[in-house]
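Protein chains in written order, with my numbering: chain A, 46 to 296; chain B, 22 to 280. The C-beta atom is built at its ideal place from N, Cα and C for all residues, glycine as well. Bear in mind that the values here come from a model prediction, so they are computed numbers and not experimental data. Below you'll find the structure, written out as structure tokens, and then a few comments.
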Amino acid sequence: MVENAPEVIIQDLNRIYKGSDEAVHAVKDISLTLTPGSFTALVGFSGCGKTTLLRMLAGLEEPSSGSISLFPENSYPAVIFQTPRLLPWMTIKKNMNIALRHRVIPRQNKREIKKRVHAALEMVGLNDRADAYPHELSGGMAQRVGLARALCQESGFMLMDEPFSSLDALTRENLQKELKSIWEKKKSTTLFITHDIAEALVLASRILIMKEGSIIADLDRNDWILRNKPEAAIMSLMNNPLIPRMVYATS
Amino acid sequence: MKKLKWTAALETLAVPFLLLALWALASERQWVHPYLLPSPLRVAKAALRLAESGALFKHLGVSFQRVIIGFFITLGIAVPLSFLIHSLPFLKRLLRVPLEFLRSVPPISTIPLLILWFGIGEASKTAIIVMASFFPVFLNLMGGLNNIEEDWKELARSLQLDQGEYIRFVLFPAAFPSFLTGIQLGLSYCWRALMGAEMIAAASGLGYLILDSQDMGRIDRVFVGIFTLGICGILLDKILIKAFNCLIPWKDLEEEQNW
Ligand SMILES: Nc1ncnc2c1ncn2[C@@H]1O[C@H](COP(=O)(O)OP(=O)(O)OP(=O)(O)O)[C@@H](O)[C@H]1O
Ligand SMILES: [Mg+2]
């Protein structure tokens, strides 16, 4: 069953953590719309609030104020967490299977589940480790399983938090290609967090730059600013001290 | 590799052998009256005779059977109760005082009452075992359930697992290692409590054998009983850890106890 890609509308979203010392305003007044079937990258320095935004979209964190609406409403995201989060007491295969319990209908369709798990593991090159336990994998392998688990859900809505951060350059490039071709086939509405500007440019058609809880720039891949030396342009946007208050507008 | 293993074995066995030698020397030189400290040889002979007549295994088997029955009753109460309290917080407030009270009462102190109520039949021993093993099992399982990592709860939510699937795939496996720790502790607690109970109110069992031997002036048999207890304890622990390591391959349990 292939779900429709939803439209995601975020309005005046805020998240404030009332910590032990000072309250942290992790997400500040964010309003934006992800169009159905769009691939959006979210970049920004560590601690700027990317994960917090994604967790609110995944329904794992309550906004302090503001709203998130999905159309159609019953869309359910497949999530890749910043750490792989594989259940340590289950083999890789079992970890993948339970992700499909509510994705494959009818639920007892064992053949379909098997097929999807196999295909997803094949894609990340880990089919021979299907019966291994998570602690027997390297960090990068575990991350690939996390990716496979999200992809096999075939959701129309994907939320990915730095899924390639601990992979070597070669594996990363291969998986970027795979992800891109899967997205081109399925056109899921995708939000992809990364530290890597080059990666954002390869994958996404839209790039959001986040700084201190706000979106300071909302760029289209075809924007003039990205035509030459895009990485330098983004870096200078991120480093510009004026920008947090002056939301960057693109035509 | 092999050589290392040998030296390790030598190291662990050196002290027991030394103590045995000291014991042999002490009884040989009669540093202690032979009635109070029979020689190792006499104890070994007594053990052999008790084993041959089948008395040793009979008493051991009786004690063992009591532990097994009592322990299953404990599991039958402690496991559902832990899950109930974990999912219904008001139950915790409701049962807090009675449970804390029971936990503070050493099981053995209830024996006079138990004898009055149940006589010296099996019921009193079973009750002792349940009382002694309940709290280690219950508290460890509760701890495991309550300390489940937030990460796993979130994962379950993001995979849309329903309550039953959450308990089966996430909650119980997460708490399982603590549960096994509870079983291990519970078994050793109820074994101890049972020995006390068998000395006071029983006509069979290892505790009875020990006390009865003392009454008959057979100190060598008392030693046999004590050694049987110690050796069985070590073996049981080894077996449990082996079994646990098979059950939870993702978590290497310590072979050594942290004393
Ligand atoms: N549960 C929490 N309690 C208190 N503060 C939090 C919590 N989670 C995040 N924060 C704070 O919110 C801010 C944003 O954190 P977030 O994890 O969203 O950053 P990030 O952009 O994902 O960083 P990174 O790139 O390092 O993953 C940080 O200052 C962090 O300390
Ligand atoms: Mg993050």
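Residues in the same chain with beta-carbon distance under 6 Å from residue i, minus the five sequence neighbours each way, listed in chain order, please.
i, result
"leucine 261 of chain B", "Gln205"
"alanine 165 of chain A", "Ala193, Leu196 and Cys197"
"valine 243 of chain B", "Ile231, Ser234 and Gln235"
"glycine 185 of chain A", "Ser211 and Leu212"
"phenylalanine 92 of chain B", "Ser154"
"methionine 203 of chain A", "Ala123, Ser233 and Thr235"
"leucine 201 of chain B", "Phe265"
"arginine 161 of chain A", "Cys197"
"methionine 168 of chain A", "Glu223"
"alanine 103 of chain A", "Pro122, Val124 and Leu204"
"isoleucine 61 of chain A", "Ala68, His70 and Ser109"
"glutamine 94 of chain B", "First, the residue type needs correcting, since residue 94 of chain B is isoleucine and not glutamine in the sequence shown. The residues are Val151."
"asparagine 279 of chain B", "Bear in mind that the predicted position of asparagine 279 of chain B carries a pLDDT of just 49, short of 50, making it too unreliable to give a figure here."
"lysine 263 of chain B", "none"
Under 8 Å by Cβ, that's how I've got residue i and residue j pegged, so tell me the actual separation to the nearest angstrom.
i, j, result
"leucine 215 of chain B", "valine 158 of chain B", "At roughly 16 Å, the Cβ-Cβ gap does not stay under 8 Å, so leucine 215 of chain B and valine 158 of chain B are not in contact."
"serine 233 of chain A", "tyrosine 121 of chain A", "With a Cβ gap of about 12 Å, serine 233 of chain A and tyrosine 121 of chain A do not count as contacting."
"isoleucine 55 of chain A", "isoleucine 137 of chain A", "With 8 Å as the limit, isoleucine 55 of chain A and isoleucine 137 of chain A do not qualify as a contact, their Cβ atoms being about 34 Å apart."
"leucine 271 of chain A", "phenylalanine 84 of chain A", "Not confirmed; about 15 Å, so no contact."
"leucine 131 of chain A", "valine 190 of chain A", "6 Å"
"proline 59 of chain B", "isoleucine 240 of chain B", "6 Å"
"leucine 162 of chain B", "valine 100 of chain B", "7 Å"
"methionine 255 of chain A", "glycine 94 of chain A", "6 Å"
"proline 129 of chain A", "glutamine 188 of chain A", "5 Å"
"phenylalanine 190 of chain B", "isoleucine 269 of chain B", "Contact flag wrong, Cβ pair sits at about 15 Å."
"glycine 89 of chain A", "methionine 283 of chain A", "7 Å"
"histidine 107 of chain B", "leucine 166 of chain B", "4 Å"
In the DSSP assignment, what residue or residues form a beta bridge with residue i?
i, result
"threonine 85 of chain A", "A/Leu236 and A/Arg251"
"tyrosine 62 of chain A", "A/Val69"
"aspartate 263 of chain A", "A/Leu253"
"glutamine 56 of chain A", "A/Ser112"
"isoleucine 125 of chain A", "A/Met205"
"threonine 78 of chain A", "A/Ile54"
Apart from the five residues just before and just after residue i, which ones in its own chain have a Cβ nearer than 7 Å to its Cβ?
i, result
"isoleucine 136 of chain B", "Ser145 and Ala222"
"leucine 71 of chain B", "Leu77, Arg242 and Val245"
"serine 206 of chain A", "Sequence inspection shows aspartate at residue 206 of chain A; the serine mentioned does not correspond to that position. Excluding positions up to five away in sequence, the list reads Thr96, Leu99, Ile125, Phe126, Gln127 and Ile238."
"phenylalanine 116 of chain A", "Pro51 and Glu52"
"aspartate 183 of chain B", "none"
"glutamate 277 of chain B", "Annotation note: pLDDT 46 at glutamate 277 of chain B (below 50); position unreliable, no value reported."
"histidine 80 of chain B", "Ser225, Gly226, Leu227, Tyr229 and Leu230"
"leucine 41 of chain B", "Pro61"
Excluding sequence positions up to five away, which residues of its chain have a Cβ less than 8 Å from the Cβ of residue i?
i, result
"proline 133 of chain A", "Tyr178, Pro179 and His180"
"valine 14 of chain B", "This structure cannot speak to residue 14 of chain B, because chain B is shown only from 22 to 280."
"glutamate 276 of chain A", "Ile242, Ala243 and Leu246"
"proline 283 of chain B", "Because chain B is modelled from 22 through 280, residue 283 of chain B falls outside the range shown and cannot be assessed."
"leucine 58 of chain A", "Val72, Asp74, Ile75, Ser76, Leu98, Met101, Pro108, Ser110, Gly111, Ser112 and Ile113"
"leucine 105 of chain B", "Leu112"
"arginine 251 of chain A", "Ser83, Phe84, Thr85, Ala86, Asp263, Leu264, Asp265 and Arg266"
Ligand 4 and residue i: does any heavy atom of the ligand fall closer than 6 Å to the residue's C-beta?
i, result
"valine 69 of chain A", "This structure does not include ligand 4; its bound ligands are ligand 1 and ligand 2."
Ordered list of beta strand (DSSP E) runs contained in the region 226–258 of chain A, each at least 3 residues: Here the runs fully enclosed are 234–239 and 251–256.
Residues of the region 190–202 of chain B with Cβ closer than 8 Å to any Cβ of chain A, in chain order: Phe190, Val191, Pro194, Ala195 and Phe197
Tell me which residues of the region 76–107 of chain A have at least one Cβ-Cβ distance to chain B shorter than 8 Å, keeping chain order. Answer in chain order: Ala103, Gly104 and Leu105.
Taking any Cβ of chain B, which residues in the region 136–170 of chain A have a Cβ under 7 Å from it, in chain order? Ile143, Ala144, Arg146 and His147
Tell me the start and end of each unbroken alpha helix (DSSP H) in the region 54–81 of chain B that is at least 4 residues and wholly inside, in chain order. 61–74
Mind pulling the alpha helix (DSSP H) runs of 4 or more residues that sit fully within the region 176–206 of chain A? 184–197
Residues within the region 111–126 of chain A neighbouring chain B, beta-carbon criterion of under 7 Å: Tyr121 and Val124
When Cβ atoms are compared, which residues of the region 179–190 of chain B fall closer than 9 Å to chain A? Ser179, Leu180, Gln181, Leu182, Asp183, Glu186 and Phe190
Unbroken stretches of the alpha helix (DSSP H), 4 residues or longer, contained in the region 138–167 of chain B: 143–167
Closer than 8 Å between beta carbons: that is the criterion. Which residues of the region 159–179 of chain B meet it against chain A? Those would be Asp172, Trp173, Glu175, Leu176, Arg178 and Ser179, in chain order.
According to a CB-to-CB cut-off of less than 7 Å, which residues of the region 176–191 of chain A neighbour chain B? Answer in chain order: Tyr178 and His180.
Where are the alpha helix (DSSP H) runs, 4 residues long or more, that stay fully inside the region 214–246 of chain B, in chain order? 227–236
Proximal residues, the region 208–236 of chain A versus chain B, C-beta separation under 8 Å: none
Between the region 261–273 of chain B and chain A, which residues of the former have CB atoms less than 8 Å from a CB of the latter, in chain order? Ile269, Pro270, Trp271 and Lys272
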